Structure formats: C-alpha cells, structure tokens
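Which chain is which? The protein sequence lines are A and B, in order.
So in the numbering used here, spot 248 of the first sequence is number 248, and the numbers just go up one at a time.
So in the numbering used here, spot 110 of the second sequence is number 498, and the numbers just go up one at a time.
Glycine included, C-beta positions come from ideal geometry on N, C-alpha and C.
Keep in mind that this is a model prediction, so the values were computed, not measured.
Everything on this sheet refers to the single structure shown next.
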Amino acid sequence: MALQLFKKWQGQSLDWIIAECREVVEDADFSTVKRWREARGKVLGHFQVYFPEEIAHAAGMLPLKMRGAAIECTHSDSHFGSYLCSILKTSLELVLSKKVELDMFVTHPICDAARNLAAVWGRNFDYPCQILYLPQNANSAASVTYLRDEYARVQADIEAITGNKVTEEALKNSLSVFNENRSLLRQLYEIKRRQPWLISTYETYLLTNVGGLIMREEHNELLKAAISLIEARPVKRQDKIRVVFEGGFCEQPPLDLIRTISQSCYVVDDDLLIGLRWILEDVSLEGDPLFNLAEAYLEKSSYSPVQHDARKPKEKMLLQRIADSGAEAAIITAAKMCEPGLEDQVAYTKALDEKGIPYFVSEFEESMTSFDQMEIQLETFTENILFG
Amino acid sequence: MTIVKGDIMTEDKKVDIVGRGNVEGANLFRVWFAELSDAAKNNQSAAYVFVMGSMAEILKVFDFPLVFPEITSLQTAVRRVADEYLTVAEDYGYSPDICGYVKADIGIHLREREHPMGKIPKPALTVLTNACNTYVKWAEIWERMYGIPMFVLDVPATRQAGGQFQPGSSDFARDCEYVEAQIRELITLCENITGKKFDIDRLRETLAYANDMNIGWKRVLELNKSKPSLFNALTDGTVYLGVSNNFRGTKEGSQFFKNLVEEMEYKAAHGIGTQTEEKYRLAFVGVPCYPIFRRFNEMFTEWGGAFVHSTYLHFASGGANMGFEYDMNRPIESLAEGALISIRDAMDSMFHQNTLVAVSAKLREAAALTAQPSPCSRCLAASRKPSIAPTPSYSQTTITIR
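Below, the structure written as structure tokens:
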C-alpha cells in the first residue's frame, strides 16, 4: 500500500472516522499533502470537475483535487475581477499563500474562468500550468481518439516532471485502484439511496471528499472500513422527506450547509464532487488503457452543467436521478457567480414545475457561515411536503 | 436610406472614398437585418452562430441566413432598450449575475423574436465553438426552447503559456484532424437539415470570399499603425467588424474589405487621420461600452485621444486578423487548419492578454487602456462579456491607463 497520509482508522468507530475526515477536509494547511511532499512525493493539482487521476497516480504523483477552501483571500483577490466565483479565488489563494505546493497544475475548459486559470496560475509559478482540453463536442465520433491523445500528451508532461515512465502495467494497476474506488463510492451511494437513515449526505460527503486529498489505495481501505460500519449502524428511520441535491459539481457548499440540509432531509442522491464519481462503470483493463479511460469519460459517465452532450440533457438527467433514487423533491443550488450552474438552475426548475416535483432553490458561497435562515426555510419546505 | 447590395463601388459611385467604409458598413448592416426580417416573415429558419468561429464558410453553402445573437443583443444596448429585455429574462428566472448578452437574447426570444431593428427568424440549428464557454450554455437554451440540433465545434486552443502548437508539428496535426472530423460531421448535419447535397465548389467560393476578407482585415489593422491613425478602432472598427461577421464568405463582404483597404491606403498616402489633433494614441482592451457607445469614445477624443487599436478587433473577428488564406485545392482540410489557427487566436488573445496588449500597443506607439465593465465575470485576463444593461451596469467600470 502507498504511503499512509491519514490517521489510522482501523478499529475506530464510524463517528470517529467521520470526525477525522472533517478534520482533513477542513484542514487549510493540507497536512496530508505536506506529509506526501515530506516523503519527496510530487503533487499534481487539478481543478474541478474531472481529471483522469489514474495517469498521475501511475507516475507516482499525488493527484490533488483543487476544490477551493473556506479561507480568506488575502493574496489572490488582486488577481481577479470581483464578478467571479469563490472557488477560483480560494484555489489560487491556497498556492499563493503556500498552504499547498504543487509540481504541476491542470485546469479544464469547463467555463471561461476556469480555463483562464491556467494563464493566471502560470504567471505566478514556474511549474507547468496547463489546460487539459477535455472534448466539448461529446457527440463527435472523433472525440474519444482525440481525448486519448490528449491524455497521452498530459502523460508525457507528467513523466517529464516525475522522471517516471508510465508503463502500460502501471496504468492498468492505477485503473484497477480507481475502479475499486468508484465501486466503493457507488456502494456508499447505494446505501444512501436504499437506507438513507444509515448515513447522512454530510457523512457521505466527508467520506468522499477525503479521497481527493490522499492516495486512492488508502481511500479504498477507509471506504471499506466505513461501509461495513455503516451497514451495521443501529439507527432507526426517521420521518424525513427524500430529496436530491443538485449544484455541487464544482464549487463546494460549506460543510455546515450540507449538515443543515442533512438534518432536515434524507438526501438520497447528489452531484457533490461529481468528478470523483464521474465514471459510472469499471474502466476496462483490456487493450489501450488511455483509450479506455477516454472512452469511459465520454460513454460511461454522469452529467454536469459543464459538459454538453446531446444524449444527456441536464434537466432530463436530473429527473432521472430523482426517479432512480426515489426522491420526492429536489434542492437546486448554484454557487454564486457560477454562470453554468445559474443558467441550468432555470432549466431544472422549469422541468420540475412541469412534472409537479417540489423543489427548494438556493445559492451558496464557500465563505458562508450563517445557515439559520436556510434552516427555517428548509423546515417549512419539508413540512409542506410532509403535512401539506 | 438606399440599401446597396452587390458591387458597392460600381452601384453607388457618389460615395466618397474617405469615410466610405462607414457608409457601406452601415448599409450592409441594414441589409443583413432586412434579410433576417424577410426570412422571419417567410417562416424561413436560420443558423444561429457566434462571432468567434461562425463557420459561415460552411453554412453559406447551404444558404442559411445567419443570426449573430451577440450582435442582435448588443444592438438592444446601443438603442438603449436592453433593460426591457433583461427584465423579461430575469423575470423568467435568470440570475442578475449571468451574462447580459445571454439575457437580452432570451428576452428577445420570449418576446417572439421581435427586435428593435426587425424580426429575427427562428433557428434551424445552432453552430458554436468553445471559444467562449457561455456560448455552450447559451445555445443549450435554444436547444431546449426550439428542439433544434446544437453543434459544438470543439477547437482546442493553447494548453499552456508559450506552448502554442505550430503547423508542421504532430500536436498541431492531431488537433487539426479533430477539427476536420467535426467539420465533416457539420456538413452531414446541414445536409440532413436542408435536404441539400453538399457542393464543394460552393465551399471553394465561400472560402475565396473569406480569404479576401481575412487578407483585407489583416491589412486594415496593419495600416492603422499610420500616423495619424486612419480609423477609430473603437467606433469605425466596430462597424467594419460587423461586416466581417455578418458577411463572411459572401461577395458583399469580400468587396467591402477590398474597398476598405483601398480607402485606408488612400488615407495613409494622404495623411488623413480621424481627428484634427492626435495627442494620445490609445489601444483599447475589452469590449466597447455599448450602452454609451458614442459618449465613451468622446470622453477620450475630446482630449486628443485616438483609439488606434482594440483587442476586440482581434477576438471578435474570430481570428480573421490572422489573415489566414484557405487552400482551394484541399478546401475542407484547409478550412480545418484555418478554423484552428484563427479561432485559437481569438481564444488565446484573451488567454495571453498581458503580452498581447504590450505588443499591440508598442507596435502602434500607443498607451494601453483597459476597460472592464463590471459584470464581465467570465474572463479573468480581460473582459469580453459586459452586461448590456444601461448605465447602472457601468457604475463599477474600471478604466486604467498604464
């Protein structure tokens, strides 16, 4: 097993594990990353939403999910205009303030702001800061081959940084590790859908999120331990409505917002950190691993406001998610200043109106600290459904 | 006002060479909108496209009228009625924090496509590039509203500062193959929608006209290094830009730019500038302030400031400034190369604004002026999506001269 970056969880209770996960997720000093670097490990920071972490993993790098942080921006504010989402600013703040040190940074063309992050980042650091051009034409017959070659390009850059040649064997091993990781996350979500009283979305979120901060082998062990504890949890079902949470694909809502929602509802499915669960099935280990990984991104994947695919109209995908999870309502959120999220919010609410599915609309920002008003509104919303 | 079509020089000889570009440009703009209104009246559908990569070269082969929603939207601001449309879109549910262009356009559609300049036809399809990610979200709205096909021409731009793939490299060839494959898919889509067989000779024709335009546009921009400057990049330049978009791949567009080059060369040879005294040569970065289009310019010209260059004339021309010339012997392959080089430049010119501004300004011996209209949230290095709401949106406008 790779270097252990997290405290030992073996033999600990589920509550202890969850509490420790929160410590790691909220740790603005990114101690897990520091431990990795102290052991002379290289770090590849990748911005939301999806990055083929298997490639960095196969080269022996720590793929670190850059998903902002609930921190004050003292360095990065001067690099951006005011009309931008928070996650961009806090992600850059983490590196400018040296809370996180990277050897490579990769962003994606998910929105104009995220795409240009490579340029802003690159003006401040000497290491490679680049864009992985994930295909925007998901419906072209040429997209998979193009993406396979784009992955090969990124792989060559990673090899240059690490000095490690990524062999086919190493890549297939990484695919296997990540296949297991996604399978465990699917199990976690299946419990949430089937018996949401056993695990709240606040807890599944923490268990998922920590995976972006440690090596996946370690995350797999953690998830296995947690899942067996969850299944044995002596918790009774409560009288709560079943909802789907939508709007956490990029900037992440504050933990206490997720906890507030968890207290009022059973969130039976969500799109929080969807990039870690983007690929829905095991990636084949037969044949060209890069091609398989590219094909899985396009053909066996979830949906988000930042990928257009004619086969996956977002509002229909949301309705499907609601139906598949047996939800009776939806919480539709968007990060402040998030153009893709705010635009799709309209499509979602129109589709829900048409189907007569109740929904709760809200906006959030990483730095939010007060949730009292939201709690009251949510209680009113849920009571209307329960007793209306 | 007489609307002049076809060979402008021969049909209207009274037009004096100095200032002819503005007159012809304004006429052509009215022609474009009149044709759209006619199409709407005759229930003819159009292709909805964007300025950064319209693919007019292909769409004109299939005789699609082209609607540029960026242009129809900004016209609501120029005509001081944007707030009416924005309010309609916000009442429908769109956030005050999203792109003003998108919301003005939604307002137009929610008002049955009635526009201050006429009627806009329904879309038959939309073709867009990834040059601006908001294009994708914008087009998805029509996709839902009208149930039309949406074609995203994915053009991979520069991956890293200083690392642009050059023709001749395997990386460039790889990107080119991807773009070419998509262009062939676009052709099939157009055939399916129109029922017309693709005619490669008509493509050669549109490419030839686009070549004239690319060569002319590049030359016109170069000529403005002259002292005094020959045209105002902010006001006159926007008129020329309108023609370069609305008439790309057409005979009228080709002729317009030939005439424009002639006009600018004449002015350069005779030392004819845009104002009596050119005290300060200015390079403009960003998007013209449409709600106060004329007044904004006057704020500088009144003090002897002359806008000799604007980055808008690069990226909003879809990279026509590169002067790319298509090879008629291999039209589709060459179109892919041209699209990659030109659209990529339109994207990269925003990606590398810091160097672009410095180089452009130095070449023209101009001071750089950066205007960042407040709601332009999408572009970190430079703004290109200002709200087109009237004055309140400019309350936070920051203008820096360095």
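Following the DSSP letters along the chain, one finds Y146 (chain A) inside the alpha helix (DSSP H) bounded by residues S143 to T162. Counting along the chain, the unbroken beta strand (DSSP E) around C129 (chain A) starts and ends at C129 to I131. About 7 Å separates the beta carbon of E150 (chain A) from that of L132 (chain A), a gap short enough to meet the 8 Å contact definition. S642 (chain B) is positioned such that its CB atom lies closer than 8 Å to that of Y597 (chain B). A141 (chain A) has a beta carbon lying within less than 8 Å of a beta carbon in chain B. For N521 (chain B), a Cβ of chain A is located within less than 8 Å of the residue's own Cβ. Just so you know, the alpha carbons of A56 (chain A) and V177 (chain A) end up roughly 13 Å apart. Chain A has a Cβ within less than 8 Å of the Cβ of D542 (chain B).
When C-beta atoms of the segment 424-434 of chain B are compared with those of the segment 501-508 of chain B, three or more pairs fall below 8 Å, so the two segments count as touching. Looking from the CA of S433 (chain B), the closest CA among B:T514, B:R636, B:L611 and B:E565 belongs to B:T514. The Cβ-Cβ distance between V24 (chain A) and L213 (chain A) falls below 8 Å. Distances from the alpha-carbon of L280 (chain A) to those of A:D324, A:A296 and A:R67 put A:A296 closest. The beta carbon of Y654 (chain B) is closer than 6 Å to those of I405 in its chain, skipping five residues each way along the sequence. Taking C-beta separations shorter than 8 Å and ignoring five residues to either side along the sequence, the partners of L84 (chain A) in its chain run A113 and M337, following chain order. A contact between stretches requires three or more CB pairs, one per stretch, nearer than 8 Å, and the segment 525-537 of chain B fails this requirement with the segment 116-123 of chain A. For Y205 (chain A), not one C-beta of chain B is nearer than 8 Å to its own C-beta. From the beta-carbon of C487 (chain B), the residues of chain A found nearer than 7 Å are E339. Looking at the DSSP output, C265 (chain A) bridges to A:I241. Within chain B, no residue has its CB atom less than 8 Å from the CB of V283 (chain A), the nearest being about 22 Å off. Judged by DSSP in its simplified three-state form, A39 (chain A) adopts coil rather than helix or strand.
Around H308 (chain A), the beta-carbon contacts reaching into chain B at under 9 Å are V524, K525, A527, E528, E531, M538 and V540.
Secondary structure note for Y189 (chain A): its alpha helix (DSSP H) is the uninterrupted segment E168 to R194. The segment 255-311 of chain A contains, as complete alpha helix (DSSP H) runs of 4+ residues, the segments 255-264 and 289-299 (chain order). At least one beta carbon of chain B lies nearer than 8 Å to the beta carbon of A118 (chain A). Counting the other CB atoms within 10 Å of its CB gives T594 (chain B) a total of 16 or more, which places it among the buried residues. Contact between the segment 313-323 of chain A and the segment 216-227 of chain A is absent: fewer than 3 CB-CB pairs across the two stretches fall below 8 Å. When Cβ-Cβ separations below 8 Å define contact, I131 (chain A) makes contact with chain B.
Take the alpha-carbon of F553 (chain B) and the one of N292 (chain A): they are about 26 Å apart. For C111 (chain A), the CB contacts under 7 Å within the same chain, skipping 5 residues up- and downstream, are V306, E339 and P340 in chain order.
Listed in chain order, the non-local C-beta contacts of I575 (chain B) below 7 Å within the same chain comprise I446 and F586, local neighbours out to five positions each way being set aside.
By the CB criterion at 8 Å, F6 (chain A) and T32 (chain A) fall inside the cutoff.
None of the residues of the segment 283-297 of chain A has a beta carbon lying less than 8 Å from any beta carbon of chain B. Boundaries of the beta strand (DSSP E) harbouring R669 (chain B): Y668 to V673, taken from the DSSP string.
Nearest CB-CB separation between A755 (chain B) and chain A: not below the 8 Å threshold.
With contacts defined as CB atoms closer than 8 Å, G693 (chain B) and K448 (chain B) fail to qualify as a contacting pair. The alpha-carbon separation between A444 (chain B) and R468 (chain B) amounts to approximately 29 Å.
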